[in-house]
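Chemist: One structure, pasted below without further comment.
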């Protein structure tokens, strides 16, 4: 890579003498018959570029250069979004690292103004994770497409090895400042501090490092200066962290905003998510080209061993069946297969029944913890959650989970244990506005993929489409055509998978695969049915309360009339009132 | 790159002995207090991964591996779309090459079934372009992020150096077959044939080549076998090529479909698009990080020379003004500037008035050729086009053009030169269904960027948003709220720019920048106003025709009555009929 043409100036081609600049045509629409007619002229004759002159300009584009120019693909299209995206990438990495090392995450997130600027900020994320060994720090933070998660089939927040380096690159681009990292990879290891710049032409880090004292057993801290815009409310850092706490009740997180206000999210569980296991690829998800590559890379020297060792769910008898189907000797060397041979092998794999892949590679949140998370951050009257059994798309396991929080705490009717309806005073919800809307607004949809909140591109997401396609009128909700239902409700949807198919590198929306949409639909319907009976009960409750109010209003008048007609004394009046109330309440089944 | 860890097996990490697989927890929601409480344990104690074990898994991800897994980002998400995307990428490259070499493009596109399969196809695109020199062919077709267009500020169809290699990679992945290329880079040069495979782990080509006879002066042909689905109609290869012909009236193209049917698109002009010139970056579009990089890469040894040589529109006096504003000696070496110095320089650049960048870098189609293209492929009653003057966003020139074709040829009313309305028999439109819908359907929107039709993701595109945001009721059209207008109309929108901000690598939709949306709005309004007077005239025409029909229907009855009352003879009857008709037509201003 060191003699890479990418090291040339970004604009080196600008004054290439082989190009003859033409005068701009004033009126290009006017036909000019002096130009070539139908027979194509030789390129040289026309004074245009030739294959030789064009070849001089052809060169590699580094992935950093590509994403510098296309930074909107990574979520850095506006200063406001950039600030949130940077925090998100750093938090994702910290949580992944803590969980992989089986450490209960303890995070500190801070956003500070650079000087008095309201356009430049420093974003700091510190964790108590396992740290990063010295030699890898510059690569992890200063190189795009570098990491440990891309090639592993198991659930993680990060999957591309782009995010945090891209945040650093954006910071460098907009403020000129390097990424600062502190890392301590264990109790006895030395803590190191790094300053890292990205050479975008080569996609390689340039860094300096020094040993420091850090009063910590282990962990990593990253600080990035970047152009940003700080605003609270929807799509803010605050909202993102709050949603993080909903989907990650095992996380303890302290957040300091640019004005020095501190928000603390306490753990709701001391339990780490289930440890996920890496799985081998499942034969049914493999494509011809991948199969050829796996054979070339395999250390196994027989087709049978290759099938059993390099895939999940292939034992001796399945391997035998596949080989028989392909007409291939199980003891032959897989590398000897030509393209036709591999095609036969793939056809035989597809025709063979093979057990579904192991599900230990994903860790759904689970119904109980979804409810815990929702209860912690959303005050509501009714909660329900569904965690579907994992299923498989293209050989990749995934699971869909849905939670619903319904009913504004403003509603004050409650049924007592004795079955009486009472009006209760409720405490005013705190910090509630962000997550639940008003009764006449669309429900609030909160989307998650591998426990990461998805904040942007809601309308482009398969989750949103599935919620809109669900018929919420069946569950007692209002719903305009082709839109989210209306009402005081938060809908939580989580997809956990070894590889979430996002619609762009910025991981903001999930692509609409049929298998995923089906599971979403089923999970939403499961929760919807339970919601429906609650909503209907609530409506009945409200109706009955109204009726009882009538009784209470009219009984005194009735009694006065009876007293007049029947000439009752005070004792009889009281008795009549009690009897009437009892009779009417019984008839109303109150 | 040759000792790159990417060469390891794609799945090498699967059986790393340092990982201790855990049993899947049956009920992960149940709190387990034996786990760590609040104090984070040392990672080693927990049996989880450590910084060391994690470091072993960290490695580079090649851009080919990345896009193999994320192929939907490049437009290869379904077999049907993949077939069209492959054709599109090859056609884009052919047209760019022909125009750069100033050759009138002559293209042959064919799709053939592989054997009897209806799942595998061979896509062939042949051009009469300048050819590609031998040494570059493998890189151009077998390496992602490689090309000549990325670093040049001038309009071209391709801009990323990804497309055609990605098509080849998809083909290799789904059929195992290599990309086949023939190229002849000039009359006297030898023609060569290549077979190219992509080593995805290294993003490098592996190719074989041999000299061949090719009865052609110069040109390139690429053939790719790929899994696809062939269907006609909307979003088909046929439609794409037809739209190509609309926006590229200088192209001659012969297309052969899998059933052997041949469609030929003739040139409507012998004029190549204006030759575009490469420009240097404009100072007002440059960011701090880019400025620092430009300084580091510059050969100029004074700040003044750097500003004048490396940017467009900076002469001696502007350079002086910038230096004065920054408090920097114009003769100092720019490389001596520290971050604060470069920040000052950037602030001074932003504060200095600088002439807009040269517009010679883009080549809009022009009103006349838009009309020619529309007339050639869309049969309609009324055509109008607008080509806006180029403007600038973030230092990058762009131009917006709009064309409208209105009125079903099924409408048979026409006004003669003498001002009479006549009913005419129109010939049945041929091959029309694809481009114009029925009168009660939404208008057909056809979108183009740098003369390339955009076929997918219509609703996510800034162009669509601008058409929806235009109030078409002002122009006599029906328009449901938040939707495209209704009517027999084709709306053509083209954006020409040195860098089109697409929402994804597959280049299917344009991102919503304010400057672009404003220009779109103005261009649509310009065309809309002209459309409005036509639509209103048409409505008047239809009304008058109805009235005249009344006259024609009732005059004979009137005349019979007059004949009875006034006892007219046949001659007077004829005269009365003529006079009545004249009087009534006059009063109706027919």
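Residue numbers (my numbering), protein chains in the order written: chain A, 1 to 590; chain B, 591 to 1180.
Backbone N, C-alpha and C define an ideal beta-carbon position, used for all residues, glycine too.
What is the residue span of the beta strand (DSSP E) that residue 973/B lies within?
Modeler: From DSSP, the beta strand (DSSP E) with residue 973/B extends over 972-977.
Chemist: Are residue 1090/B and residue 749/B close, meaning C-beta to C-beta below 9 Å?
Modeler: Yes. Within cutoff.
Chemist: List, in order along the chain, the chain A residues whose C-beta lies closer than 7 Å to that of residue 644/B?
Modeler: What residue 644/B touches in chain A: 100, 130, 148.
Chemist: Expressed to the nearest angstrom, what Euclidean distance is found between the alpha-carbon atoms of residue 353/A and residue 281/A?
Modeler: Taking the straight line from one Cα to the other gives about 16 Å.
Chemist: Identify each residue in the stretch 1073-1096 of chain B for which the Cβ-Cβ distance to at least one residue of chain A is less than 9 Å, and report them in chain order.
Modeler: So the list reads 1089, 1091, 1092, 1093, 1094, 1095, given in the order they occur along the chain.
Chemist: According to the Cβ coordinates, are residue 808/B and residue 695/B closer than 9 Å?
Modeler: Result no, Cβ atoms of residue 808/B and residue 695/B do not sit closer than 9 Å.
Chemist: Select from the stretch 873-888 of chain B all residues with a C-beta closer than 8 Å to any C-beta belonging to chain A, and list them in chain order.
Modeler: Hits within the stretch, in order: 877, 878, 879, 880, 882, 883, 884, 887, 888.
Chemist: Is any beta-carbon of chain A found at less than 9 Å from that of residue 890/B?
Modeler: Not closer than 9 Å to any Cβ of chain A, the Cβ of residue 890/B fails to qualify, so no.
Chemist: Once the 5 residues before and after residue 359/A are set aside, which same chain residues still bring their CB inside 6 Å of it?
Modeler: These residues qualify, in order along the chain: 390, 397.
Chemist: Please list the partners that residue 86/A has in chain B, where partner means a Cβ-to-Cβ separation under 9 Å.
Modeler: None at all; the shortest Cβ gap to chain B is about 15 Å.
Chemist: Shortest alpha-carbon distance to residue 786/B belongs to which of 779/B, 780/B, 794/B?
Modeler: Residue 794/B is the option with its Cα nearest to residue 786/B.
Chemist: In chain order, what residues of the same chain lie with their CB nearer than 7 Å to the CB of residue 1063/B, ignoring the 5 residues before and after it?
Modeler: 1069.
Chemist: Candidates 1173/B, 1060/B, 714/B, 896/B: which alpha carbon is nearest residue 1119/B's?
Modeler: Checked all of 1173/B, 1060/B, 714/B, 896/B; the closest Cα to residue 1119/B is 1060/B.
Chemist: Pair every Cβ in the stretch 1043-1052 of chain B with every Cβ in the stretch 1100-1110 of chain B, then say whether three or more of these pairs are closer than 8 Å.
Modeler: Output reads yes: the stretch 1100-1110 of chain B touches the stretch 1043-1052 of chain B.
Chemist: Mind the definition here: the stretch 699-709 of chain B touches the stretch 866-882 of chain B only if three or more C-beta pairs lie below 8 Å; say whether that holds.
Modeler: Segments in contact, no.
Chemist: Quick check on the burial criterion: 16 or more other C-beta atoms within 10 angstroms. Buried or exposed for residue 837/B?
Modeler: Buried, since its Cβ has 16 or more Cβ neighbours within 10 Å.
Chemist: Chain A partners of residue 1025/B, CB-CB under 7 Å?
Modeler: By Cβ distance, chain A contributes nothing, its closest Cβ being about 22 Å from residue 1025/B, past 7 Å.
Chemist: Which word fits residue 557/A, buried or exposed, when buried means at least 16 other C-beta atoms lie within 10 angstroms of its C-beta?
Modeler: Exposed, since its Cβ has fewer than 16 Cβ neighbours within 10 Å.
Chemist: What residues of chain B sit near residue 58/A, judged by a beta carbon separation below 8 Å?
Modeler: The answer, in chain order, is 726, 729, 730, 736, 737, 738.
Chemist: Which word fits residue 962/B, buried or exposed, when buried means at least 16 other C-beta atoms lie within 10 angstroms of its C-beta?
Modeler: Buried, because 16 or more other Cβ atoms sit within 10 Å of the Cβ of residue 962/B.
Chemist: For residue 207/A, does the three-state DSSP call read helix, strand or coil?
Modeler: In this structure, residue 207/A counts as strand in the three-state DSSP scheme.
Chemist: Taking the Cβ atom as the reference point for each residue, do residue 125/A and residue 140/A lie within a distance shorter than 9 Å?
Modeler: No, they are not a contact pair.
Chemist: Can you find a C-beta in chain A that's less than 9 Å from the C-beta of residue 894/B?
Modeler: Closer than 9 Å: no.
Chemist: What is the rounded straight-line gap between the Cα of residue 259/A and the Cα of residue 1034/B?
Modeler: Cα to Cα, the separation comes out at about 51 Å.
Chemist: For residue 229/A, which residues of its own chain have a beta-carbon under 6 Å away from its beta-carbon, when the five flanking residues on both sides are left out?
Modeler: These residues qualify, in order along the chain: 79, 80.
Chemist: Nearest to residue 1066/B by CA position, among 1137/B, 1083/B, 997/B, 893/B, is which residue?
Modeler: Ranking the options by Cα distance to residue 1066/B, first place goes to 997/B.
Chemist: Which residue or residues does DSSP assign as beta-bridge partners of residue 222/A?
Modeler: Bridge partners of residue 222/A: 125/A, 181/A.
Chemist: For the pair the stretch 81-91 of chain A and the stretch 166-182 of chain A, tell me if three or more CB-CB distances fall below 8 Å.
Modeler: With the cut-off at 8 Å, the stretch 81-91 of chain A and the stretch 166-182 of chain A touch.
Chemist: Taking only runs of the beta strand (DSSP E) that begin and end inside the stretch 86-169 of chain A, which ones reach a length of at least 3 residues, in chain order?
Modeler: Entirely contained in the stretch 86-169 of chain A, the beta strand (DSSP E) runs reaching 3 residues are, in chain order, 106-113, 120-127.
Chemist: DSSP has residue 372/A in a bridge; who is on the other side?
Modeler: None, per the DSSP bridge assignment.
Chemist: From the DSSP output, which residues share a beta bridge with residue 640/B?
Modeler: Partner(s): none; residue 640/B has no beta bridge.
Chemist: Please tell me whether residue 385/A and residue 374/A are closer than 9 Å, where the distance is taken between their beta carbons.
Modeler: Result yes, Cβ atoms of residue 385/A and residue 374/A sit closer than 9 Å.
Chemist: Just to make sure I have the definition right: I need the residues of chain B whose C-beta is within less than 8 Å of the C-beta of residue 61/A. Which are they?
Modeler: Residues of chain B passing the Cβ test: 735, 736, 737, 740, 741, 750, 751.
Chemist: Check whether the Cβ of residue 745/B lies closer than 9 Å to any Cβ atom in chain A.
Modeler: Not one chain A Cβ lies under 9 Å of residue 745/B.
Chemist: Using a beta-carbon distance below 9 Å, is residue 186/A in contact with chain B?
Modeler: Chain B, which has a Cβ nearer than 9 Å to the Cβ of residue 186/A, makes this yes.
Chemist: Can you pull the chain B neighbours of residue 339/A, defined as C-beta to C-beta under 9 Å?
Modeler: Correct list: 765, 766, 767.
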